[in-house]
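Numbering (the working numbering), first residue to last: -15 to 102.
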């Protein structure tokens, strides 16, 4: 499975960005968005399963929305009310399991930088 993440950039606090992830197959069970800042472990942001089940990390609930377009083989992360602490490299990932464990995600995109700063 090949994944290609895009849509990152520089945005002011309170602003919005939409990340996109193009994937080469529709056979996955779970897609996820992770983020990582220097010196910290990668953090799970959101997951969306092939059955439509969605979960969010607590700090992004109510601000971020994950969605998918199966026909286009795309997964999106709409990020609103962005905060400086959302600054990170964001990665999309795919799993053949209904799992949220990072070790179960065998396919990863290259990452896209999101910087929230005034």
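Just so you know, even glycine gets a beta-carbon here, dropped at the ideal spot from N, CA and C.
Local conformation of residue i per DSSP, three classes
i	result
residue 0	coil
residue 41	coil
residue 51	strand
residue 87	helix
residue 46	coil
residue 93	coil
The beta strand (DSSP E) enclosing residue i, as first and last residue numbers
i	result
residue 79	72 to 79
residue -12	-13 to -10
Residues bridged to residue i [DSSP beta-bridge criterion]
i	result
residue 17	30, 76
residue 66	Per DSSP, none; premise fails for residue 66.
residue -7	98
8 Å Cβ cutoff, residue i in contact with chain D
i	result
residue 54	This model lacks chain D altogether; it includes just one protein chain.
Give a yes or no on contact between the region 92 to 101 and the region 28 to 40, applying the rule of three or more CB pairs nearer than 8 Å.
no
Mind the definition here: the region 10 to 22 touches the region -10 to -2 only if three or more C-beta pairs lie below 8 Å; say whether that holds.
no
Inter-stretch contact (C-beta, 8 Å, three-pair minimum) for the region 1 to 10 and the region 49 to 65
yes
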